[in-house]
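Below: the structure, in structure tokens.
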DNA sequence: TCGAAGTCTTGATATTTATCAATTTATATG
DNA sequence: CATATAAATTGATAAATATCAAGACTTCGA
């Protein structure tokens, strides 16, 4: 593994505090690979052989049932996915595919578990990460169960706007087809939902969104830190 | 704290492997309390002062937004709740109320965090627990996004049947009003959903459910281990 | 630069789910 | 045991969301 990537991974919160020898052991069996866009990385139900680290690009976590499919999460650099499955040595609950050309490190799950037993700092970092992930899914659950699709879109736009720097105009970070799936609606309905937000000053052009009347939109969306704050 | 309860808590997966001195330290600032039914234990948004352990009774975790309310989880003895918030020292994302008369132990969150730093076995147990919780919420997310309300009810009944021992007739473990909220629907619709399952051999009388044609119901529900298995 | 393939949008319609109101049934309490 | 209270059911209707089909717009590769 090239030195620069080795260091990128090392600097992740998850690995930053662990002992050198443990990190070395962890990365000994690891490898880094380039993938083109739209490549299936893992499939739900398979055993969790590797903890994945997205070094560049983006990965879509999705699930299928009875012929239907839904996007559950998007993983962006630099962070990991499939941590819970790796730790529990349980089958993946979600499938993963690259959204774009991506560079991904694979750390053998059994090494992760072994070193987690040896290294207290690593164990603590894993706890912090898992607790964060857990809370983030709970927020998603609340978003889904407490809000209509129009409200989910409105709040998603406000979150995305914030992440993009807060300006009135910003870019959606994925195609609408996927956004619809993430928000739990059909593409057709997403189109209509965007129209439904026009009275609140929202306009879209391709992936570019403009929020003309910030106050109006916020009054409608009623964002709440216990659902919409990314951290905490 | 009475010896018997001390031992009940000690035997929880979460605390079973930790050092005696650490467990003693953890329970020193702890106390146990009896609550009647329908008592608010915590409110979302508050700081997470205590890790809660349900010793007997049952607790409903729910959340509110914009005048709406939804049940997210039910905690039954003997297990903990609010672990992620305690660990991260972050505000509660959910409120909790007793569903029935309950006995609950409260362990100061700061002690949990302090001892988690000292005790590797405790840290590992927390990781196992959090990973499990995370996976369980992901399953809930898939249930919500991939299934209609009728399908969710059908699968819920199959899960509940299994938990109750597998017989054709069994009891729902909470009132329909709450079941509706857990499944993400209105009470009126739950009533209709039960009717909708009659063609598959499902009958209800109060809280007693009978599945006359197991195969039919399973063919309709299409239960899937990656959504419906409680463990793993 | 053209054409193919895919995405996005729109309209028409169907299905699912929620709301409202009324009634029945169950539960709890004095 | 009677009655007050809440829960559950039912019917009628409304709202939200999905589906299907068609056309417009993009993107990408030959």
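Residue numbers (my numbering), protein chains in the order written: chain R, 4 to 235; chain H, 4 to 235.
In this text, a Cβ means the ideal position worked out from N, Cα and C, and glycines have one as well.
Owing to the predicted nature of the structure, the values given are computational and were not obtained by experimental measurement.
Leaving aside the five residues before and after residue i along the sequence, list all residues of the same chain whose C-beta is less than 7 Å from its C-beta, in chain order.
i, result
"residue 177(H)", "77 and 102"
"residue 180(H)", "190"
"residue 79(R)", "57 and 61"
"residue 50(R)", "94"
"residue 207(H)", "197"
"residue 175(R)", "163, 182, 210 and 212"
"residue 173(H)", "163, 164, 167 and 212"
"residue 126(H)", "119"
"residue 42(H)", "100 and 101"
DSSP beta-bridge partners for residue i?
i, result
"residue 111(R)", "53(R)"
"residue 78(H)", "62(H)"
"residue 172(R)", "213(R)"
"residue 105(H)", "38(H)"
"residue 67(H)", "72(H)"
"residue 84(R)", "55(R)"
Using three-state DSSP, classify residue i as helix, strand or coil.
i, result
"residue 208(H)", "strand"
"residue 35(R)", "strand"
"residue 99(R)", "strand"
"residue 45(R)", "strand"
"residue 27(R)", "helix"
"residue 177(H)", "coil"
"residue 3(H)", "The first residue shown for chain H is 4 and the last is 235, placing residue 3(H) beyond what the model contains."
"residue 89(R)", "helix"
"residue 234(H)", "coil"
"residue 192(R)", "helix"
"residue 225(H)", "coil"
"residue 236(R)", "The question about residue 236(R) has no answer here: the residues shown for chain R are numbered 4 through 235."
"residue 183(H)", "helix"
"residue 157(R)", "helix"
"residue 220(R)", "helix"
Closer than 8 Å, CB to CB, is residue i near chain H or not?
i, result
"residue 123(R)", "yes"
"residue 149(R)", "yes"
"residue 187(R)", "yes"
"residue 120(R)", "yes"
"residue 145(R)", "yes"
"residue 2(R)", "Absent from the model: residue 2(R). The displayed extent of chain R is 4 to 235, so no value can be given."
Nearest chain R C-beta to residue i closer than 8 Å, yes or no?
i, result
"residue 140(H)", "yes"
"residue 112(H)", "no"
"residue 227(H)", "yes"
"residue 73(H)", "yes"
"residue 20(H)", "no"
"residue 137(H)", "yes"
Can you list, in chain order, the residues of its chain whose CB lies under 8 Å from that of residue i, leaving out five sequence neighbours each side?
i, result
"residue 82(R)", "15, 56 and 57"
"residue 48(H)", "94 and 95"
Can you find the residues in the same chain that come closer than 6 Å, C-beta to C-beta, to residue i, ignoring five residues on each side of it along the sequence?
i, result
"residue 92(H)", "none"
"residue 158(H)", "224, 226 and 231"
"residue 74(H)", "63, 65, 181, 184 and 185"
Entirely enclosed beta strand (DSSP E) segments - the region 112–146 of chain R, minimum 3 residues: none
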